[in-house]
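Protein chains: 2
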Amino acid sequence: MPELMGAEVICVGTELLLGDILNTNAQFLAQELATLGISHFYQTVVGDNSQRLKDVVAIALQRSSILIFTGGLGPTPDDLTTETLADCFRVPLVEHPQVLDDITQKYTARGRPMSPSNRKQALQPKGAAVLPNRLGTAPGMIWAPRPGVLIYTFPGVPREMKAMWRETAVPDLRRRGFGTTTIHSHMLRFWGISESALAEQVASFLALQNPTVAPYAGQGEVRLRVAARALSTAEAEALIAPVADQLRAIAGLHYYGQDDETLASVVGQLLQAAGQTVAVAESCTGGGLGHLLTAVPGSSAYFWGGIISYANAVKVDLLGVDAGDLATHGAVSEDVAKQMAVGVRSRLHTTWGLSITGVAGPGGGTPAKPVGMVCLGVAGPDSVECHTLQYGVHRDRDLIRHLSAHTALDLLRRKLLARE
Amino acid sequence: MPELMGAEVICVGTELLLGDILNTNAQFLAQELATLGISHFYQTVVGDNSQRLKDVVAIALQRSSILIFTGGLGPTPDDLTTETLADCFRVPLVEHPQVLDDITQKYTARGRPMSPSNRKQALQPKGAAVLPNRLGTAPGMIWAPRPGVLIYTFPGVPREMKAMWRETAVPDLRRRGFGTTTIHSHMLRFWGISESALAEQVASFLALQNPTVAPYAGQGEVRLRVAARALSTAEAEALIAPVADQLRAIAGLHYYGQDDETLASVVGQLLQAAGQTVAVAESCTGGGLGHLLTAVPGSSAYFWGGIISYANAVKVDLLGVDAGDLATHGAVSEDVAKQMAVGVRSRLHTTWGLSITGVAGPGGGTPAKPVGMVCLGVAGPDSVECHTLQYGVHRDRDLIRHLSAHTALDLLRRKLLARE
Numbered sequence: 005m006p007e008l009m010g011a012e013v014i015c016v017g018t019e020l021l022l023g024d025i026l027n028t029n030a031q032f033l034a035q036e037l038a039t040l041g042i043s044h045f046y047q048t049v050v051g052d053n054s055q056r057l058k059d060v061v062a063i064a065l066q067r068s069s070i071l072i073f074t075g076g077l078g079p080t081p082d083d084l085t086t087e088t089l090a091d092c093f094r095v096p097l098v099e100h101p102q103v104l105d106d107i108t109q110k111y112t113a114r115g116r117p118m119s120p121s122n123r124k125q126a127l128q129p130k131g132a133a134v135l136p137n138r139l140g141t142a143p144g145m146i147w148a149p150r151p152g153v154l155i156y157t158f159p160g161v162p163r164e165m166k167a168m169w170r171e172t173a174v175p176d177l178r179r180r181g182f183g184t185t186t187i188h189s190h191m192l193r194f195w196g197i198s199e200s201a202l203a204e205q206v207a208s209f210l211a212l213q214n215p216t217v218a219p220y221a222g223q224g225e226v227r228l229r230v231a232a233r234a235l236s237t238a239e240a241e242a243l244i245a246p247v248a249d250q251l252r253a254i255a256g257l258h259y260y261g262q263d264d265e266t267l268a269s270v271v272g273q274l275l276q277a278a279g280q281t282v283a284v285a286e287s288c289t290g291g292g293l294g295h296l297l298t299a300v301p302g303s304s305a306y307f308w309g310g311i312i313s314y315a316n317a318v319k320v321d322l323l324g325v326d327a328g329d330l331a332t333h334g335a336v337s338e339d340v341a342k343q344m345a346v347g348v349r350s351r352l353h354t355t356w357g358l359s360i361t362g363v364a365g366p367g368g369g370t371p372a373k374p375v376g377m378v379c380l381g382v383a384g385p386d387s388v389e390c391h392t393l394q395y396g397v398h399r400d401r402d403l404i405r406h407l408s409a410h411t412a413l414d415l416l417r418r419k420l421l422a423r424e
Numbered sequence: 005m006p007e008l009m010g011a012e013v014i015c016v017g018t019e020l021l022l023g024d025i026l027n028t029n030a031q032f033l034a035q036e037l038a039t040l041g042i043s044h045f046y047q048t049v050v051g052d053n054s055q056r057l058k059d060v061v062a063i064a065l066q067r068s069s070i071l072i073f074t075g076g077l078g079p080t081p082d083d084l085t086t087e088t089l090a091d092c093f094r095v096p097l098v099e100h101p102q103v104l105d106d107i108t109q110k111y112t113a114r115g116r117p118m119s120p121s122n123r124k125q126a127l128q129p130k131g132a133a134v135l136p137n138r139l140g141t142a143p144g145m146i147w148a149p150r151p152g153v154l155i156y157t158f159p160g161v162p163r164e165m166k167a168m169w170r171e172t173a174v175p176d177l178r179r180r181g182f183g184t185t186t187i188h189s190h191m192l193r194f195w196g197i198s199e200s201a202l203a204e205q206v207a208s209f210l211a212l213q214n215p216t217v218a219p220y221a222g223q224g225e226v227r228l229r230v231a232a233r234a235l236s237t238a239e240a241e242a243l244i245a246p247v248a249d250q251l252r253a254i255a256g257l258h259y260y261g262q263d264d265e266t267l268a269s270v271v272g273q274l275l276q277a278a279g280q281t282v283a284v285a286e287s288c289t290g291g292g293l294g295h296l297l298t299a300v301p302g303s304s305a306y307f308w309g310g311i312i313s314y315a316n317a318v319k320v321d322l323l324g325v326d327a328g329d330l331a332t333h334g335a336v337s338e339d340v341a342k343q344m345a346v347g348v349r350s351r352l353h354t355t356w357g358l359s360i361t362g363v364a365g366p367g368g369g370t371p372a373k374p375v376g377m378v379c380l381g382v383a384g385p386d387s388v389e390c391h392t393l394q395y396g397v398h399r400d401r402d403l404i405r406h407l408s409a410h411t412a413l414d415l416l417r418r419k420l421l422a423r424e
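Going down the list, the sequences are from chains A and B.
Residue numbering for the first sequence follows this note's numbering, starting at 5 and increasing by one per position.
Residue numbering for the second sequence follows this note's numbering, starting at 5 and increasing by one per position.
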């Protein structure tokens with residue numbers, strides 16, 4: 005199928021028009037279409053209203069050849085996308101028995117009764133192919149209702165939509181001759197340096213044309229997206245590799261990984277390579293550091309556990325922090341952070357002990373120990389050290405906890421790299 | 005001016021169509037229009053292309069009476085919004101000397117030379133009023149090019165757009181008779197029931213007109229948004245209250261809170277009201293349950309801490325789980341979950357002990373204990389009980405951990421309510 009007019013993303017949902025949710029689906033699909041080299045000139049958002057959706061489809065058919073819908077596939081009466089599309093092309097709905105079986109099985113597996121309204125999700129316009137939904141109950145469809153028009157529908161749930169897009173829609177588009185040039189990219193990830201400082205160090209790269217280098221930042225992390233357009237992924241990789249190598253060399257230890265890698269996964273790789281283990285002692289993060297470490301599949305190979313010592317009594321009873329030191333220096337102090345790290349390392353018999361104690365706010369700050377003050381400890385085979393960070397009173401509780409847990413991981417990463 | 009067809013948000017920018025940025029402007033404007041009670045049926049995104057923008061304006065004029073543009077007001081050649089709008093209505097552009105002065109002063113204040121291209125930003129269609137930009141150089145406009153049509157333009161920079169909206173556009177809309185009614189809403193939150201089951205129980209409410217009731221679902225939670233249109237927030241509250249009360253009565257214990265409340269904050273309120281405390285023992289969630297509990301400011305009043313027993317040795321050494329039972333029944337078993345809950349309760353001297361042990365995947369599943377099988381334990385003053393859940397192998401590690409931690413909180417919530 006030749007590409008005539010490009011793709012249009014149509015997001016269906018009154019919740020978008022009320023501002024209840026942010027339209028991350030439109031951004032994801034825009035990025036994916038760019039990667040596939042498919043032109044994309046319009047995005048439309050419309051509510052759960054059959055007539056207005058019909059009008060939007062009529063307009064899209066005049067200016068776009070690939071129509072990508074998200075939302076409106078659920079079991080409730082205001083989920084109207086499938087039946088409205090059938091109506092637009094005056095095609096009847098038919099029930100797909102294998103979809104009904106799949107939905108029934110998913111409900112059974114979850115131990116929930118399937119309600120009659122769920123049966124609606126097995127209906128699709130006659131002639132449409134099922135776009136399977138591995139992660140949820142509402143399948144989408146792939147439908148060419150007339151020559152030069154190609155329709156894909158997805159549920160609005162981002163996780164389900166993304167998996168369906170990658171697993172089924174992209175291969176289908178390629179089979180139909182779309183996506184012959186490709187934009188391929190790597191996201192390089194940095195911790196411990198500001199966006200402006202990194203941008204200055206790599207300023208000359210930001211003007212490159214192919215690959216392009218673009219900086220992003222958020223939640224303490226800085227990223228550089230290196231993207232190349234080429235006929236194949238291999239060609240794009242060849243354009244990206246030398247530039248990425250130079251960027252890594254410039255950033256030194258601030259570079260920690262790329263693409264899906266996280267500080268936790270990189271720390272895990274380093275620990276596994278060294279045959280070492282870690283345990284955590286957490287106060288203000290309340291388990292967030294352990295949660296990050298265990299987000300990595302297979303982390304049981306090097307993460308043994310930890311102690312959440314939110315109350316001071318737990319710091320003394322379970323970590324062996326000295327009650328006198330606690331009274332003298334306070335829970336948020338380098339002395340206590342060190343004893344927490346040493347204590348958890350010794351009680352869990354690990355190579356490393358990592359500790360966090362701080363004032364996450366919004367209450368609890370004092371002039372000497374303001375909100376945003378956090379002490380991190382790392383105890384290892386040779387020594388124990390501690391760092392005090394001041395994240396500042398203008399950052400909120402969530403961000404202070406996020407930065408604390410990630411900086412603790414970064415601390416251990418740098419220790420592990422220094423010992424290699 | 006009577007409201008005929010509602011507002012349409014038109015975001016102009018190729019960077020949106022490439023997915024380089026997330027369209028937060030559309031969500032902000034959607035929320036604001038909802039608050040003002042101005043109907044809003046469509047959002048459109050179009051690139052920096054004059055002809056396509058003209059086409060989009062022509063379509064919008066047929067279905068909307070208030071057109072709100074963001075983006076395309078800058079000094080570069082691809083910033084086309086102002087001149088394209090003038091062209092749509094065949095009106096010439098005129099230079100506003102006071103805008104030119106303002107731009108010149110801002111460049112001088114920043115110590116930057118003003119380039120000739122910046123002069124373009126002082127041009128506006130004849131008859132349009134300047135919408136001043138306090139924070140940046142590109143002003144917007146307020147323009148009624150013909151009866152029944154009202155146009156506002158804003159730069160794409162969210163900070164500038166928001167200030168201009170609040171400081172000038174909202175007062176202007178109110179002067180024109182818009183925003184005399186308000187839409188006010190509450191989000192009711194439920195756990196332990198599926199979206200379709202709840203929707204069936206409250207089916208008659210989903211057809212209401214004022215207030216409206218709309219279901220949402222995601223990550224195990226189901227929500228009902230109850231929204232009323234009225235002349236004041238107080239009037240809207242009066243319309244919402246009886247409906248919300250009936251919905252809560254129908255849902256019973258499945259209802260847990262509303263608006264910003266979370267399962268963790270509700271559990272915290274119940275614990276504080278009862279003068280009780282809790283500690284956690286976590287295996288597959290790795291600290292995620294503690295992290296949720298401590299996301300609530302002031303949680304130190306009732307959350308004392310916990311033990312992350314990721315390795316089996318930690319379950320035995322620090323929680324007192326019987327090594328024989330662990331070998332016989334396995335780490336993911338009701339026996340072990342119970343002993344973990346009892347162990348952490350006794351070691352941390354709390355009223356309640358809450359435990360989680362499960363197979364989060366993607367590896368580690370067996371036919372008897374598949375991925376998604378999770379045992380939750382709750383030990384209290386009178387008894388210890390356990391629940392085994394099967395989240396199913398099609399759910400991913402993140403979601404299984406998310407559901408496990410939230411269901412554990414829900415379990416404790418129901419225990420606390422039963423004891424009241």
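Backbone N, C-alpha and C fix where the C-beta goes; we use that ideal spot for every residue, glycine too.
- A direct Cα-to-Cα measurement between A:S68 and A:L37 gives close to 14 Å.
- Residue pairing by DSSP places B:F73 opposite B:I14, B:T157 in a beta bridge.
- As DSSP reads the structure, A:L380 sits in a beta bridge with A:I360, A:H391.
- Annotation for B:F209: V217, V247, L251 place their beta carbon closer than 7 Å to its own, counting only its chain and skipping 5 residues before and after.
- Under the three-state reduction of DSSP output, A:Q128 falls in the strand class.
- By the CB criterion at 8 Å, A:I360 and A:L380 fall inside the cutoff.
- Contacts with chain B at 8 Å (Cβ-Cβ) do not include A:Q205.
- Here A:H190 is near A:D263, since their CB atoms are less than 8 Å apart.
- For B:D264, no CB of chain A lies under 8 Å from its own CB, so it is not counted at the interface with that chain.
- Taking a 10 Å sphere around the C-beta of B:I42, we find 16 or more other C-beta atoms and assign the residue as buried.
- Counting along the chain, B:S350 sits inside the alpha helix (DSSP H) bounded by residues 338-352.
- Contact of A:Q47 with chain B by beta-carbon distance below 9 Å involves C15, L20, L21, N27, Q47, T48, V49, V50.
- The three-state reading of DSSP puts A:F45 in strand, counting E and B together.
- Under the criterion of beta carbons closer than 8 Å, B:L413 and B:L267 qualify as touching, at roughly 4 Å.
- Given a length threshold of 3 residues, each whole run of the beta strand (DSSP E) inside the stretch 188-273 of chain A is given here in chain order: 216-222, 225-234, 259-262.
- If the five residues before and after B:L202 are omitted, its C-beta is found closer than 8 Å to the C-beta atoms of F194, P219, V226, L228, A255, H258, all from its own chain and listed in chain order.
- Judged by DSSP in its simplified three-state form, A:M145 adopts strand.
- In the structure shown, B:A327 adopts helical secondary structure according to DSSP, grouped into three states.
- Rounded to whole angstroms, the separation of the alpha carbons of A:G272 and A:G384 is 16 Å.
- The three-state secondary structure of B:T355, taken from DSSP, is coil.
- Here DSSP, grouped into helix, strand and coil, assigns A:A90 to helix.
- Nearest CB-CB separation between A:L322 and chain B: below the 8 Å threshold.
- DSSP links B:G51 through a beta bridge to no other residue.
- B:L97: member of the beta strand (DSSP E) spanning 97-99, first to last residue.
- A:V284 is bridged by DSSP to A:G310, A:L358.
- Bounds of the beta strand (DSSP E) holding A:V134 are 133-135.
- In this structure, B:Q125 lies away from B:I146, with their beta-carbon atoms at least 8 Å apart.
- Proximity of chain A to B:P301 at the Cβ level (cut-off 7 Å) is accounted for by P366, G367, R401, in chain order.
- Bridge pairing for B:T332: absent [DSSP].
- Looking only at B:G328, B:V378, B:D386, B:D83, the smallest Cα-Cα distance to B:S408 is reached by B:V378.
- Around A:L20, the same chain offers N27, V49 as residues with beta carbons nearer than 7 Å, after the five sequence neighbours per side are excluded.
- For B:D83, there is no enclosing alpha helix (DSSP H), as DSSP gives it neither H nor E.
- In the three-state reduction of the DSSP assignment, B:T186 falls in the strand class.
- Under the 10 Å beta carbon count, B:T281 is surrounded by 16 or more other beta carbons and is classified as buried.
- Between the stretch 321-328 of chain A and the stretch 384-401 of chain A there are fewer than three C-beta pairs closer than 8 Å, too few to call the two in contact.
- In this structure, the straight-line span from the alpha carbon of B:L89 to that of B:E286 is close to 60 Å.
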